[in-house]
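Engineer: Residue numbers (this note's numbering), protein chains in the order written: chain A, 1014 to 1539; chain B, 956 to 1282; chain C, 138 to 490; chain D, 1324 to 1698. Please see the structure below; I have some questions.
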Amino acid sequence: MAGPDSRETVVRLDGITKRFGSVVANDGIDFELDDGTVHALVGENGSGKTTLMSVLYGLYDQDEGRIVVDGEPRTFDSPRDAIDAGIGMIHQHFQLVEPMTVLQNSILGHEPTTYGMVDEERARADIEAICSRYDFDVDEHLDTPVRDLDLGVQQRVEIVKSLYRGAEVLVLDEPTAVLTPQEVDRLFDLMGELRDQGTSLIFITHKLEEAMEIADRISVLRDGEKVGTIAAADATRERLAEMMVGREVLFDDEQRATETGEVVLEVDGLRVSDDRGLERVSGVDFDLRRGEIFGIAGVEGNGQAQLVQAVTGRRDVDDGRIRFQGEDMTDISRRDAIEAGIAYIPQDRLEDGLVLEDDLVRNALLGFQTLAPFVGEWFIDWDGVRDHADRIIDEYDVKPPDRTRLARSLSGGNQQKFVVGRELSHDPDLLVASHPTRGVDIGSIEFIHSQLLDMRDDGLPIVLVSSKLEEIQNLADRIAVMYEGEFVDTVRPDDVTEQDLGLLMTGHREAAGETPPAARDGGDLS
Amino acid sequence: ADLSGGDDGLTVAIISSNAGFDDQAFNDMARDGLTRAAEEFDIEVNEIEETDIAQFGDTQAEAAEAGNDLIVLVGFQHTEALQENATEYSDTNWMLINDDVDEPNVAGYVWANHEMSYLAGVQAGTMTSEELNHAGSSNDPDNNQIGFVGGEEVPLIEAFERAYVAGAEWVDDSVEVATGYAGSFSDPSAAEDVAQSQYDAGADIIYHAAAASGPGVFDAAQANNRFAVGVDADQSITLEEYSDVIIGSAVKYIDQGTYDCAQATVNDNFDEVAGFNVVDLSQDGVDLVIGQEFEGSMPDVLSENLEAAKQGIVDGDIDVPCDATGC
Amino acid sequence: MSVAGTIRRNRLRLGVLVVALVAALAVAVWRDVALTALLTTGFVERSIRAATPIALAAIGGLYAEKSGVFNIGLEGFMIFGAVNAVAVTWLVSGGTAGTVTQTDLWIGLVGAVVLSVLYTVVFAIILLRYEASQIVAGLAVWILGLGFGPFTAVVIWGSQSSPRVGRIDAVSVPGLAEIPFLGDVFFDTSPLVVLTLLLVAAAWVFLYRTRYGYWLQAAGENPEALDTAGVNVSRVRYAAVIFSGAMAGLGGAVLSVGLSSGFVGGGLTMVDGRGWIGIVAYLFGNYNPVGAFGAALLFGAADMFQIQLQTINVDVPATLTGLLPYVVVIIVLAAYGRTRMPARVGEPYESEN
Amino acid sequence: MSRQGTVRSALDRAADRMLTAGVVERLGIGIASVVLAFVVGLCIVAAAGYSPLIFLNEMLLGALGSQRGIALTLRESSLYILTGVAVAVAFRAGIFNIGVQGQFIVGGLSATMAILRLAPFLPTGAVGGVALIVLGSLVGIAVGGAYAALPGALKAYADANEIITTIMLNFIALGVVLYLISGPFQGEGRQEPRTDSLPEYVEFPSLLFETGSFSVVGLVVALASVAVAYVLLTRTRMGYDMVTSGKQASAALYSGVRAERTIIGTMTFSGMVAGLTGAVFSIMVLGGYVDPQGIHTYGFDAIAVSLLAANNPLGVVPAGVLFGGLSRGGSFIGITTDIPAQLVDGVIGLVILFVAAPELFRMAARRTGLGSERR
Ligand SMILES: Nc1ncnc2c1ncn2[C@@H]1O[C@H](COP(=O)(O)OP(=O)(O)OP(=O)(O)O)[C@@H](O)[C@H]1O
Ligand SMILES: Nc1ncnc2c1ncn2[C@@H]1O[C@H](COP(=O)(O)OP(=O)(O)OP(=O)(O)O)[C@@H](O)[C@H]1O
Ligand SMILES: [Mg+2]
Ligand SMILES: [Mg+2]
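The structure is reproduced here in structure tokens:
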């Protein structure tokens, strides 16, 4: 890796300040990207990373500061200006038009035309050239609608899109969040290839190891301010974490369950389809005991969502059985599931877990609108619900502690704490937690994890779905790895490495060959 | 409608049917009669457009309270409300078109729609087998087919239809009549489609009872170089641009009726018009008039047939199906 | 888009069409009706004619919706188009029915479209800049049309219907008009019918073959993607909404000075629900201009079919059979409720700048 | 929980709510959109060569200037409040029931027919009258509810866009009812499309007002339906399900709401209120049933009423009274001046248009520095 000082600066941000109302998302940030290097940007949730890059990409107007590209100060009124200046950005949420083909998406906004008609053949040739130059596989899918592609491929489409527009600077906002370790490796190879051919990259991540692995330099943001920039070679996990959080962070392993009780949940040969009628869960078996956390790992989209929905009554099953506390619960309605004591922290709090335009009082009732003590046969006891909301806010440290706030106005971490609090407040008999810490910062993650472990220690059985391997490994007592609707394997967390799990997640059963047979196939660990 | 005027003269109000004014049918004709009366006498006419049947009662009352001397009500939807208001406002003279309320201050007028439609049938039934050429249009004497286009299929219009068919069959038993409804009194394009379909099927003359949809029938006639029969007024005059295809119109003199009532009110002899006036052929209240451009060019057999039919109807030898307002 | 692919994707749709057709024929045979008397060249001609204003409005609505804006006000814009076409014709002809020339009528048609553009600019601003509820604002346009459409007529003519001003003449292409069937349907008909067919084709090409068409689709599916590709989403949506108003206005104008010869403002006005059918037409046509035209044709044919039945004196209660198109709409929607709307229809999109 | 506690907390909450920006803002937006619609409307009046002053003056005079005027204003208000509640309940649950007019019409006809068919089996006089009114209303409610349940079921099970289906069902209701009253249900010896008249003893008692077509009973029914809808939406679990579905369907499903049932239930309730309106209308105003094309479009205007009230049943009361006054004033203008009646319809359209765009007024407020900073 070349030393940073021998390079030219392609992008320089000087004192960028960006406010949203009273929130100062970026507070006088300076930033430099050197030609042909990878510069990582790390920081807690809400520290201002995306905002800073959006300013660079012309999506936001900065309130103060200036952007210098190739030595020239520039003003970007829209992404088009940024694109014209050779900047490309791959967003946290992919910016692809689902029903359009890969080819159409790649050229959107920059379509070559002949006689006023889009010349798809010319575009095809250009894209094929890009793909062969960087060894991408995207050209295999050029005529496939984007919605039919895996997330990994979609991401590569995004990159091709930027390259097609002639990007020389590429910003990648949390590109690894949705990828398996293998896909991450593949992405890093690609990024290396791009850097070697002269492209400069800015890489946003929450995973410090990744930053240290791929980047040349690392900048840390906190509360909208830049804490500092260090060379990747000098970085350690502890040092970065301390810069991010502003205090020392302990990385310790959690305690495993010591005692487990009787079997509470039995799932047998479960088959479930999605909204479009495609089978997404293809014969899953497992059982769960009191006081045990059963982790389900896997790349998103391998049927975890449908599995969880079936267990929580949100979705009908095609085949198989679910027994809960000895009773048949196959195909129960969501309401019956709630009334049977199945609590559910949904994957998407903004969509499912909260009514964003309602205050916290109404949200405190969400899901429990048929249950005593708040509701009789017909009428709702709003006074009781209000007290209940206050209790959740207090116990789960929701900020600001004001039940009249709309759910929308809470920050992500606080929204999540409220949902967790609500779901655990009804003394459930089973908890299904789906990505309980997604998009949540380190402090809130610690809190939610400790809540889950406490509840487990009190005997609550928990199904934990997460794509964060670290989380699963730290919390779960057993881990099932799901791939294409099936459990590839069920393992003990201490017996496998993240690499092993990563391989399993892509369907390579042999990878974890050293797993003791007892731990397989929902085997009993007690 | 401005109630303030008419210090010395009388004031007359006309309340529309729920179709509203500008229907190119009885609302307009009733209004025309009053307009004519206003030109000749010292009266002031207030037009009240009321399209909400539920308001008829209160609007009638309000018009009476405003001091109108004569109130003309268009359409039998007014009957129900008038039954109360006629006694309540017994000093007001009321004229009710298409129905009657048995009170001394009410003049009920019904024009014999069925009789005039019968005559329209006679004209169409006769002319369909006659040689007729005019301004590029012609009919097919070998083909005994005619048509009828109604607005909405309601009893009032069904009376037009059946009488028309009977009239045509009186001329010639073998005549075929295609009948159809546009589904609206205000959609000429729909009426044109119905007429077009009938012309396609061989009809060469079409009579309509479709109010403001009617011009669609004439458009179709012009497009097909065929002919049509107008309704209510002499439409070869009121819709002059179609006079080349309108061979006749079944007319009723509603305007004369409103004029008469206005005159009777001015002359303070409303008693003479009060009561139920069935204005039919025998009183020259309805008729079939030949289109402006066809006057004199019609074959004699037509006038003979028309005369015979009229005589038969007046004498009671011909029994026209249905009555003035339904079947 | 291959033909085979289209058929495969729409096989349910086509299936229902076939079933409907077979059912109609079965009824005809059962009632012992001569099919030749029912399914005439004239029937086809009239079906296309009836489909014309519906298809124009449908294509407008389709573009708006593709771009992410539900323009439910098509019916209202059609009413304004219908009355304005006659009003402009009247004013340029000097205010008498007798002196109206073909040129005046064409000017009226164009004038109505221009006025529709002006109205829709206001509507688009209210929808897009002021983020009005699209459903409610669209309904308001209908109610405004029902009120101010006839009111315009009252102001100009003292009556809620216009005098008869004549209509744009049919054009007969010498030679081609002689071809049996096709000649009658395509070469001896109103130029506006032909114009509509051309517009349908143009709308298809524009949507699926030009960059603006790509942008339109992206604006309705994922406006952020378009925004980050450097295209101004607002501008695309404004253009689409204004286009939809212009097309609906054209549809109304075609109705009043193309297919009919004046404006009638009584009742639901002469537009009489065609705008609503237009919305359903593009839903059923799966947001494809050609499909929308096909659906408009289906509704036109349903209506003309019941007229054919009346003409040959099959005893049907006309009030009820006149409801056939509305019933078809409901059945169609029930069968294809799951038409895939563009993902982001109805959501305002604000670029941060 | 004690009764006293309930009342107290309800008062507390009402006070709370009055203080929040929400209510004040909505009131402001409501008033501003009516005023703006009037300003634009009056400009059009003036531009068309009529006097805006006379327009306003006659409007006020008609609505409030006489005993009859007030009675008719209240009559129209009652009908607007009822249909407004029907719309508000559905909109609150996120369902665009544009079919209130159709449900109102079929409800009215079926109430009429039920009364006419049942009358021979019941005693005449006050007792029979009350019995028939109750039975007729129940039938109207049932049929209105069923007519709304149909598009509800189509939406729930076939995903058919309810906006379109309900509009189509409006057209269908117009046609079918016209067919019925000019055929099978046409009154004995009548030529016009109209049913028999209801027996004389089937009428609301006239209290306070002389005008036969208005009875305070109608207003009471309207206010009672407001109360029921309000309690339903704010205090019951079904209401919680409905409102939650309206705000965020996915969260409602997550919380165990049965979407299909809630959609159909909401539509049915909305249609039941519309059907009740139809029954009140046919008993109190028409005394029978007439060509539905000659009946005012309460069901459409009610959309504006409901929006003006921010889809809150309580707000529907003032909004309904406002529209009642507009409607009555508009009719009066038609009687006493030569300003075309279509103008009033146009002004109502403008009110709806502006109510639909609250952001218009928020921006205006921000620009002029009026109102608070927060949104
Ligand atoms: N459009 C917006 N309106 C208001 N506030 C915003 C907006 N976008 C971002 N913010 C706020 O700006 C701050 C910085 O947000 P930003 O998205 O840049 O964080 P981030 O570092 O990318 O976080 P994450 O790791 O969660 O992606 C946060 O407080 C956020 O709530
Ligand atoms: N779009 C928005 N509109 C209004 N306020 C917002 C918006 N986004 C964020 N906020 C406010 O900005 C503040 C910071 O939000 P942000 O999501 O950055 O918090 P955070 O620091 O990430 O907290 P957490 O750790 O809980 O995620 C919160 O109080 C939130 O209420
Ligand atoms: Mg971010
Ligand atoms: Mg956050």
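Ideal Cβ positions, reconstructed from N, Cα and C, are used throughout, including at glycine. All values derive from a computational prediction rather than experimental measurement.
Per DSSP, what kind of secondary structure is residue 969 of chain B in: helix, strand or coil?
Structural biologist: Residue 969 of chain B: strand per DSSP, three-state reduction.
Engineer: Is it the case that the Cβ atoms of residue 1089 of chain B and residue 1252 of chain B are separated by a distance below 8 Å?
Structural biologist: Yes, Cβ-Cβ distance for residue 1089 of chain B and residue 1252 of chain B is below 8 Å.
Engineer: With respect to the alpha helix (DSSP H) encompassing residue 1291 of chain B, which residues constitute its N-terminal and C-terminal limits?
Structural biologist: Here chain B has residues from 956 to 1282 only, and residue 1291 of chain B is not among them.
Engineer: Can you determine whether any heavy atom of ligand 1 sits closer than 7 Å to the C-beta of residue 1233 of chain A, and answer yes or no?
Structural biologist: Checking the Cβ of residue 1233 of chain A against ligand 1 gives no.
Engineer: Just to check my reading of the structure: residue 1613 of chain D and residue 1548 of chain D have Cβ atoms closer than 8 Å, yes? What is that Cβ distance to the nearest angstrom?
Structural biologist: Incorrect: roughly 24 Å between the Cβ atoms, too far for contact.
Engineer: Kindly indicate the opening and closing residues of the beta strand (DSSP E) around residue 1134 of chain B.
Structural biologist: It spans 1131-1136 - the beta strand (DSSP E) in which residue 1134 of chain B sits, taken as one unbroken run.
Engineer: Is any heavy atom of ligand 1 found at a distance shorter than 7 Å from the C-beta of residue 1038 of chain A?
Structural biologist: Yes.
Engineer: Along the chain, where does the alpha helix (DSSP H) containing residue 1063 of chain A start, and where does it finish?
Structural biologist: Segment 1062-1069, the alpha helix (DSSP H) holding residue 1063 of chain A.
Engineer: Along chain D, which residues have their Cβ under 7 Å away from the Cβ of residue 1392 of chain A?
Structural biologist: In chain order: 1558, 1559.
Engineer: Please tell me whether residue 1690 of chain D has its Cβ less than 8 Å away from any Cβ of chain A.
Structural biologist: Output row for residue 1690 of chain D: interface = no.
Engineer: Between residue 1631 of chain D and residue 273 of chain C, what straight-line distance do the alpha-carbon atoms span, to the nearest angstrom?
Structural biologist: Straight-line Cα distance between these residues: approximately 11 Å.
Engineer: Hey, residue 281 of chain C and residue 406 of chain C: beta-carbon distance below 8 Å or not?
Structural biologist: For residue 281 of chain C and residue 406 of chain C, no; Cβs fall outside 8 Å.
Engineer: For residue 247 of chain C and residue 302 of chain C, I'd like the C-alpha separation in whole angstroms.
Structural biologist: Between residue 247 of chain C and residue 302 of chain C, the C-alpha separation is close to 16 Å.
Engineer: Given a cut-off of 8 Å on the beta-carbon distance, is the pair residue 1681 of chain D and residue 1352 of chain D in contact?
Structural biologist: Closer than 8 Å, so yes.
Engineer: Can you tell me whether residue 1014 of chain A is helix, strand or coil according to DSSP?
Structural biologist: For residue 1014 of chain A, the predicted structure reports a pLDDT of 44, less than 50, and the residue's modelled location is therefore unreliable. The matter cannot be settled from this model.
Engineer: In terms of residue numbering, what span does the alpha helix (DSSP H) encompassing residue 247 of chain C cover?
Structural biologist: Residue 247 of chain C -> alpha helix (DSSP H) spans 239-261.
Engineer: Is residue 1105 of chain A close to ligand 1? I mean its beta-carbon at under 7 Å from any heavy atom of the ligand.
Structural biologist: Yes - ligand 1 has a heavy atom lying nearer than 7 Å to the Cβ of residue 1105 of chain A.
Engineer: Mapping DSSP to helix, strand and coil, what is residue 1384 of chain A?
Structural biologist: Residue 1384 of chain A falls in the coil class under three-state DSSP.
Engineer: Our contact map puts residue 443 of chain C next to residue 458 of chain C with C-beta atoms below 8 Å; I'd like the distance itself, whole angstroms only.
Structural biologist: About 4 Å separates the two Cβ atoms, so the contact holds.
Engineer: For residue 1486 of chain A, which residues in the same chain have their Cβ closer than 6 Å to its Cβ, ignoring the five residues on either side in sequence?
Structural biologist: Cβ within range, chain order: 1506.
Engineer: On the DSSP bridge assignment, give the partners of residue 1162 of chain B in chain order.
Structural biologist: Bridge partners of residue 1162 of chain B: B/1103, B/1184.
Engineer: Ends of the beta strand (DSSP E) at residue 1125 of chain B?
Structural biologist: It is not in any beta strand (DSSP E) - residue 1125 of chain B instead sits in the alpha helix (DSSP H) that spans 1110-1126.
Engineer: For a contact meaning CB atoms closer than 7 Å, what does residue 386 of chain C contact in chain B?
Structural biologist: Under the 7 Å cutoff, chain B gives no residues; its nearest Cβ is about 17 Å from residue 386 of chain C.
Engineer: Using a cut-off of 9 Å between C-beta atoms, extract the partners of residue 355 of chain C located in chain A.
Structural biologist: Correct list: 1110, 1113, 1117, 1118, 1121, 1122.
Engineer: Per DSSP, what are the beta-bridge partners of residue 1495 of chain A in this structure?
Structural biologist: According to DSSP, residue 1495 of chain A bridges with A/1500.
Engineer: At which residue ranges does the segment 1590-1619 of chain D contain complete beta strand (DSSP E) runs of 3 or more residues, listed in the order of the chain?
Structural biologist: Listed in chain order, there is nothing to give.
Engineer: Alpha carbon to alpha carbon, how far is residue 371 of chain C from residue 1394 of chain A?
Structural biologist: Using only the alpha carbons, I get a separation of about 46 Å.
Engineer: Mind checking whether the beta-carbon of residue 1218 of chain A lies closer than 7 Å to any heavy atom of ligand 1?
Structural biologist: Not under cutoff, so the answer is no.
Engineer: Go ahead and pull the three-state DSSP assignment for residue 1031 of chain A.
Structural biologist: Of the three classes helix, strand and coil, the one that applies to residue 1031 of chain A here is strand, per DSSP.
Engineer: So residue 445 of chain C contacts chain B; which residues on that side make the cut at Cβ distance below 8 Å?
Structural biologist: Near residue 445 of chain C (Cβ distances below 8 Å), the residues of chain B are 1152.
Engineer: Which one of A/1133, A/1144, A/1081, A/1143 has the shortest CA to CA distance from residue 1156 of chain A?
Structural biologist: Nearest C-alpha to residue 1156 of chain A: A/1133.
Engineer: Which residues mark the beginning and the end of the beta strand (DSSP E) in which residue 1086 of chain A is found?
Structural biologist: Its beta strand (DSSP E) spans residues 1085-1087.
Engineer: Closest to residue 465 of chain C by C-alpha separation, out of C/433, C/379, C/352, would be which residue?
Structural biologist: Ranking C/433, C/379, C/352 by Cα distance to residue 465 of chain C puts C/433 first.
Engineer: Just tell me which of D/1492, D/1477, D/1384, D/1627 has its CA closest to the CA of residue 461 of chain C.
Structural biologist: Nearest of D/1492, D/1477, D/1384, D/1627 to residue 461 of chain C, Cα basis: D/1492.
Engineer: Please tell me whether residue 1173 of chain A and residue 354 of chain C are closer than 8 Å, where the distance is taken between their beta carbons.
Structural biologist: Taking 8 Å as the Cβ cut-off, residue 1173 of chain A and residue 354 of chain C do not qualify as a contacting pair.
Engineer: In chain order, which continuous runs of the beta strand (DSSP E) of length 3 or greater are located wholly inside the segment 1186-1258 of chain B?
Structural biologist: Whole beta strand (DSSP E) segments, 3+ residues: 1201-1207, 1230-1234, 1241-1245.
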